[in-house]
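Q: Residues -20 to -1, 1 to 168 (mature numbering (1 follows the signal peptide of the UniProt record, and there is no 0)) are what the sequence shown spells out, left to right.
We treat Cβ as the ideally placed atom computed from N, Cα and C, and that holds for glycine.
Model, not experiment: these values are computed from the prediction.
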Amino acid sequence: MARFLKTLFALLFAVAPARAEILGMKVERMATEEEMKSSLRQIDLVDEKGQPFDLRATMGNGRPTFVSIWAHWCPNCLAEAPGYKALAKACPDRWNVVFVSSMRKDYPKDLAKFRTYGLPWKIYRIADTVNAEPDKAKAAVAFYGLTKEGGVVTPTHYLIDETGAVKAIISGKMNIAEPERLAAFCGN
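(1) DSSP on Ser82, reduced to helix/strand/coil?
(2) Under the rule that 16 or more other beta-carbon atoms within 10 Å means buried, what is Leu162, buried or exposed?
(3) With distances taken from CA atoms, which of Lys128, Asp115 and Lys153 is nearest Ser19?
(4) Near Glu8, which residues of its chain fall below 7 Å by C-beta distance, leaving aside the five closest residues on each side in sequence?
(5) Contact between the region 53 to 60 and the region 20 to 30 is defined here as three or more beta-carbon pairs at a separation below 8 Å; is this criterion met?
(6) Exposed or buried, which one is Lys17 when buried takes at least 16 other CB atoms within 10 Å?
(7) Can you give the Cα-Cα distance for Ala70 and Asn155, rounded to whole angstroms?
(8) For Leu139, tell me which candidate among Lys6, Ser48 and Cys166 has the shortest Cα-Cα distance.
(9) Select from Pro72, Phe94, Arg74 and Asn76 the residue whose C-alpha is nearest the C-alpha of Ser82.
(10) Check for me: the beta strand (DSSP E) holding Tyr104 runs from which residue to which?
(11) Could you tell me if Arg36 is buried or exposed, where buried requires 16 or more neighbouring beta carbons within 10 angstroms of its beta carbon?
(12) Identify whether Val110 lies in helix, strand or coil by the three-state DSSP scheme.
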């Protein structure tokens, strides 16, 4: 698996600083890289019916996990759809794939747009626990990687290995449909 992740990351980013794990668009954030990583184990997600989704269990099920913060109004998010379709067709069971709405208030619009792509995965939102629990609110700020101005960089992706360790955070568009990248994602 380590060789697979090295290949994947090499293909995703031809030139990247050796230590950087937040790749792509550089912005000042309200949370540190470590806070962003640990937020994945602290946030509560729900589906369109308000049913909880256990991201922690998903991250620990022995498969790599791809988490994407997605928005209906984001041109780069929409441009990634062909890559997700290619991934769903080429290796639908290789990764746990989790989409999360970039703003709770936009969830109905994100859900409606997301469904038009016919992808086999769901899109979730941050649960309402952020309204009542300060620790959950802080985790949500970190998860979204909010900028110092309070904005969200979309898309933002978390690449998590099969042990549940966050290996990279990617801010910005990824083209998974490129043959080399798709092959790396599918382990070919």
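A: Short version:
(1) coil
(2) buried
(3) Asp115
(4) Thr127 and Lys128
(5) Look at the beta carbons and you see the region 53 to 60 not touching the region 20 to 30: under three pairs across the two are nearer than 8 Å.
(6) buried
(7) 15 Å
(8) Ser48
(9) Phe94
(10) Ile103 to Ile106
(11) exposed
(12) helix
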